[in-house]
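Note sheet for the following structure.
Numbering (the numbering used here), first residue to last: 5 to 675.
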């Protein structure tokens with residue numbers, strides 16, 4: 005019996021799948037190299053730049069907080085004289101917190117870095133999954149992945165996005181949008197076909213997407229709503245409605261279940277909403293809206309115009325065959341346009357950081373554009389027919405001319421060289437090693453360091469850490485507490501207790517009286533500073549500060565007016581602060597601080613009824629065990645009170661542990 009040859013389309017589909025896999029693996033290999041290679045993922049050094057130390061610090065606390073309260077929120081004594089760590093700050097840490105929980109807090113640096121690598125490397129695989137679940141053809145899936153990777157690697161150079169989301173530490177958002185697209189495809193599949201297993205999978209998948217990043221509903225909810233409403237109007241070939249009553253109920257139940265499954269991170273943030281402050285920074289639309297829109301054609305990278313042109317063609321093609329998919333993607337694209345551009349008309353929305361959602365807009369355009377490009381290349385011709393080969397070559401030559409220069413430039417910038425690490429590398433800078441060495445040599449765990457962090461540039465004073473945010477790493481490596489960091493624009497009221505950008509506890513050009521006033525409250529044992537004013541203060545007051553070490557290092561700078569690169573020497577001063585030992589602003593107590601807990605002990609010989617004001621902030625939900633009254637006490641201009649307590653006669657120690665509670669409103673300060 006003769007065996008018929010396999011259909012031509014199956015061979016084409018297999019070839020396209022192989023090409024898609026090759027592209028995806030090439031992207032993963034490039035990200036691995038940008039991380040420094042496999043050995044870098046397993047060494048004990050975290051990524052030291054931008055927001056990565058903040059996220060890493062949060063992940064080191066998470067296992068303890070989960071054990072204490074079943075949430076990833078808790079009392080963190082490491083920064084700002086103690087603050088409530090929750091979704092309020094840092095707002096994008098849940099992914100790394102859960103990763104740390106899954107590894108039981110073991111290997112914190114490798115766990116963090118492997119999570120970063122997997123999140124960034126997954127982009128093309130998730131894009132393919134989205135195209136597959138949305139019912140796109142094999143050729144359209146390949147085109148979607150190709151266009152998505154071109155967008156990621158050519159959109160804006162070293163200073164552009166979206167790869168800079170990963171570079172700056174916003175890895176969860178970089179992952180959340182392609183993950184959300186894959187969920188949208190699964191949702192559309194459930195709307196069209198139903199099924200209990202498919203419904204459960206869609207719900208759990210949606211819970212994962214929201215857990216990864218809090219802002220995903222801003223773009224996914226309109227997309228899902230458009231797909232659902234389209235399905236409500238759609239009729240099957242037999243004339244019956246597309247959606248059954250059971251499917252309506254299942255879709256209505258999905259958001260309720262998703263919200264409930266994510267209560268472990270949003271509920272503490274809701275209870276602590278009174279602790280929220282102004283961060284002073286947001287990914288908002290600062291430029292005029294019309295100017296930003298015209299820039300898409302005038303100055304934006306070529307990939308954006310290509311995506312929009314192909315998306316129009318793809319939308320027309322999809323609408324004829326898959327109207328529900330077309331409407332769902334249209335809702336996502338419309339949400340991206342609103343948040344990414346039009347929200348600039350409404351300054352009250354800036355706190356949502358809407359400017360980032362151009363990423364969602366462009367990924368929605370990638371799916372439309374994949375369908376559009378496939379309609380150009382596809383035909384009923386044999387895969388080796390001359391007409392098809394000519395079309396493919398023509399598109400390839402045009403694409404190479406448009407994208408090859410930017411692609412090669414970005415690869416060289418981001419992958420690194422032997423002398424310059426890749427954009428996700430974790431090579432410890434010489435200055436970080438020096439700082440850790442000085443702290444371990446001169447300080448004890450639990451002591452406080454006045455750490456001058458960097459943020460917005462000071463006039464003629466470059467960032468001495470060259471993009472590093474070392475403060476977020478120091479509690480883990482040294483066990484000290486810091487006044488300054490892990491970020492100078494924390495969205496909490498306790499952000500007053502900061503040192504950086506030329507300010508000490510809210511004041512520029514601070515004086516000796518200002519320094520002494522707050523040293524008496526927060527009790528620093530040492531200081532590390534770099535700004536001109538801070539260094540001059542240390543040198544002018546040897547009775548206050550004993551300078552122990554200095555560190556000089558050149559930093560590369562670029563003159564924005566001429567484009568000329570030059571080096572400028574920066575200097576750190578590390579010194580011992582004299583006369584402010586102890587853990588109390590008033591009275592006496594011995595305090596040992598841990599994540600989520602303060603152990604308070606009455607010193608030998610101290611009065612049993614003498615009140616003590618701890619150097620730690622009072623926050624809603626703070627309770628004592630055994631039960632004991634805790635009073636808030638305001639000192640200085642700090643808007644957040646400190647903890648005051650009087651240990652009872654029968655208690656030698658007191659455990660303070662943080663629990664989010666419904667009665668979490670802060671006490672009102674005295675008039």
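Glycine included, C-beta positions come from ideal geometry on N, C-alpha and C.
* Name the residue from 119, 175, 133, 157 whose alpha carbon lies nearest to the alpha carbon of residue 96. => Position 92 of the chain shown, counting from 1, holds the residue named residue 96. Nearest option by C-alpha distance: 175.
* For residue 623, the nearest candidate out of 631, 616, 630, 635 (CA to CA) -> Working through the chain shown from its first residue, we reach residue 623 at position 619. Here the closest residue by C-alpha is 635.
* Looking only at C-alpha atoms, which of 112, 143, 118, 153 sits nearest to residue 130? -> Here residue 130 corresponds to residue number 126 of the chain shown, with the count starting at 1. Closest option to residue 130, Cα to Cα, is 153.
* C-alpha distance - residue 394 paired with residue 214, whole-angstrom precision -> Numbered from its first residue, the chain shown carries residue 394 at position 390. Numbered from its first residue, the chain shown carries residue 214 at position 210. Approximately 45 Å between the Cα atoms of the pair.
* To do: Given a cut-off of 9 Å, decide if residue 484 and residue 437 are closer than it, judged by their beta-carbon atoms.
  => Here residue 437 refers to the residue found at position 433 of the chain shown. Here residue 484 refers to the residue found at position 480 of the chain shown. Contact flag unset, no.
* To do: Could you name the residues that DSSP lists as bridge partners for residue 531?
  => Locating residue 531 in the chain shown gives position 527, counting from the first residue. Its beta-bridge partners are 454, 579.
* Asked: Anyone know if the C-beta pair for residue 371 and residue 134 falls short of 9 Å?
  -> Here the question's residue 371 lines up with position 367 in the chain shown. Here the question's residue 134 lines up with position 130 in the chain shown. Yes, Cβ-Cβ distance for residue 371 and residue 134 is below 9 Å.
* Asked: For residue 217 versus residue 172, is the C-beta spacing smaller than 9 Å?
  -> Along the chain shown, read from residue 1 onward, the residue named residue 217 stands at position 213. Along the chain shown, read from residue 1 onward, the residue named residue 172 stands at position 168. No, Cβ-Cβ distance for residue 217 and residue 172 is not below 9 Å.
* Asked: Is the segment 330-349 touching the segment 364-379 in the sense that three or more CB pairs, one from each, lie closer than 8 Å?
  -> yes
* Asked: Under three-state DSSP, which class holds residue 524?
  -> As a first step, residue 524 must be located in the chain shown, where it is residue number 520. Helix, per DSSP.
* Asked: Are the segment 570-580 and the segment 594-602 touching, with three or more C-beta to C-beta distances below 8 Å?
  -> no
* From which residue to which residue does the beta strand (DSSP E) around residue 313 run? -> Taking the first residue of the chain shown as position 1, residue 313 is located at position 309. Note, residue 313: premise wrong, no beta strand (DSSP E); alpha helix (DSSP H) at 306-325.
* **For residue 251, the nearest candidate out of 235, 266, 262 (CA to CA)** => As a first step, residue 251 is located in the chain shown; it is residue number 247 there, counting from the start. Out of 235, 266, 262, 235 has the C-alpha closest to the C-alpha of residue 251.
* In the structure shown, what three-state DSSP assignment does residue 484 receive? -> Along the chain shown, read from residue 1 onward, the residue named residue 484 stands at position 480. In this structure, residue 484 counts as coil in the three-state DSSP scheme.
* **The alpha helix (DSSP H) enclosing residue 233, as first and last residue numbers** => In the chain shown, the residue the question calls residue 233 occupies position 229. Here the alpha helix (DSSP H) through residue 233 covers 221-237.
* Asked: My guess is that residue 407 and residue 306 are in contact by the Cβ rule of under 8 Å, so how many angstroms apart are they, rounded?
  -> Counting from one through the chain shown, the residue named residue 407 turns up at place 403. Counting from one through the chain shown, the residue named residue 306 turns up at place 302. With a Cβ gap of about 7 Å, residue 407 and residue 306 count as contacting.
* Please specify which runs of the alpha helix (DSSP H), each continuous and at least 4 residues long, are wholly inside the segment 24-109, giving them in chain order. => 42-46, 56-73, 98-106
* To do: Report the rounded CA-to-CA distance for residue 510 versus residue 183, giving the unit in angstroms.
  => One-based indexing of the chain shown puts residue 510 at position 506. One-based indexing of the chain shown puts residue 183 at position 179. Near 41 Å, if we compare the C-alpha coordinates of residue 183 and residue 510.
* To do: Using the Cα positions of residue 192 and residue 138, report the straight-line distance between them to the nearest angstrom.
  => Translated into positions along the chain shown, residue 192 becomes position 188. Translated into positions along the chain shown, residue 138 becomes position 134. Looking at the two C-alpha atoms, the distance is approximately 7 Å.
* Asked: From residue 440 to residue 481, what distance separates their C-alpha atoms?
  -> In the chain shown, residue 440 corresponds to position 436, counting from 1. In the chain shown, residue 481 corresponds to position 477, counting from 1. Straight-line Cα distance between these residues: approximately 7 Å.
* Asked: Ordered along the chain, which non-local residues of its own chain (more than five positions away) have a Cβ less than 7 Å from that of residue 341?
  -> Along the chain shown, one-based indexing puts residue 341 at 337. So the list reads 365, once near-sequence residues are dropped.
* Strand pairing of residue 643, partner residues [DSSP] -> Taking the chain shown and counting its residues from 1, the one referred to as residue 643 is at position 639. Its beta-bridge partners do not exist; DSSP assigns none.
* To do: Report yes if the C-beta distance between residue 4 and residue 430 is below 9 Å; otherwise report no.
  => Examination of residue 4 is not possible in this model, given that the chain is present from 5 through 675 alone.
* **Spatial distance of residue 384 from residue 232 (CA atoms)** => The residue labelled residue 384 in the question sits at position 380 within the chain shown. The residue labelled residue 232 in the question sits at position 228 within the chain shown. Per-residue confidence for residue 384 stands at a pLDDT of 49, beneath the threshold of 50, marking its modelled position as unreliable; the derived number appears in the next sentence. When rounded, the distance between both Cα atoms is 33 Å.
* Consult DSSP for residue 590 and reduce its assignment to one of helix, strand or coil. => In the chain shown, counting from the first residue as 1, residue 590 sits at position 586. Three-state DSSP puts residue 590 in a strand.
* Asked: Between residue 595 and residue 604, which are expected to be in contact by the criterion C-beta below 8 Å, what is the C-beta distance as a whole number of angstroms?
  -> Position 591 of the chain shown, counted from the first residue, corresponds to residue 595. Position 600 of the chain shown, counted from the first residue, corresponds to residue 604. With 8 Å as the limit, residue 595 and residue 604 qualify as a contact, their Cβ atoms being about 5 Å apart.
* residue 536 lies in the alpha helix (DSSP H); which residues open and close that run? -> For this step, residue 536 is matched to residue 532 along the chain shown. Element bounds for residue 536: 536-544.
* Asked: Can at least three beta-carbon pairs, one atom from the segment 74-94 and one from the segment 265-272, be found at a separation below 8 Å?
  -> yes
* beta strand (DSSP E) segment containing residue 627, residue limits -> Here residue 627 corresponds to residue number 623 of the chain shown, with the count starting at 1. Per DSSP, residue 627 belongs to the beta strand (DSSP E) from 626-629.
* Asked: Does the beta carbon of residue 64 sit closer than 9 Å to a beta carbon anywhere in chain B?
  -> Within the model displayed, chain B is absent; a lone protein chain is all it includes.
* To do: Could you tell me the distance, in whole angstroms, from the CA atom of residue 326 to the CA atom of residue 190?
  => Mapped onto the chain shown, residue 326 falls at position 322. Mapped onto the chain shown, residue 190 falls at position 186. Straight-line Cα distance between these residues: approximately 15 Å.
* With DSSP collapsed to three states, give me the class of residue 263. => Counting from 1 along the chain shown, the entry for residue 263 is found at position 259. Looking at residue 263 - three-state DSSP - the assignment turns out to be helix.
* Asked: Among residues of its own chain, excluding the 5 on either side of residue 677, which ones have a beta-carbon nearer than 7 Å to its beta-carbon?
  -> The chain is shown from 5 up to 675; residue 677 falls before or after that span and cannot be answered.
* **Nearest residue (CA-CA) to residue 505, options 534, 520, 515** => Stepping through the chain shown from its first residue, residue 505 is reached at position 501. When only C-alpha atoms are compared, the closest one is 534.
* **Bridge-paired residues (DSSP) for residue 636** => In the chain shown, the residue the question calls residue 636 occupies position 632. Paired residue(s): 647.
* Output the distance between the C-alpha atoms of residue 386 and residue 107, rounded to the nearest integer angstrom. => Numbered from 1 along the chain shown, position 382 holds the residue referred to as residue 386. Numbered from 1 along the chain shown, position 103 holds the residue referred to as residue 107. Any reading at residue 386 needs caution, since the residue's pLDDT is 49, under 50, leaving its predicted position unreliable; the model's value is listed next. Straight-line Cα distance between these residues: approximately 52 Å.
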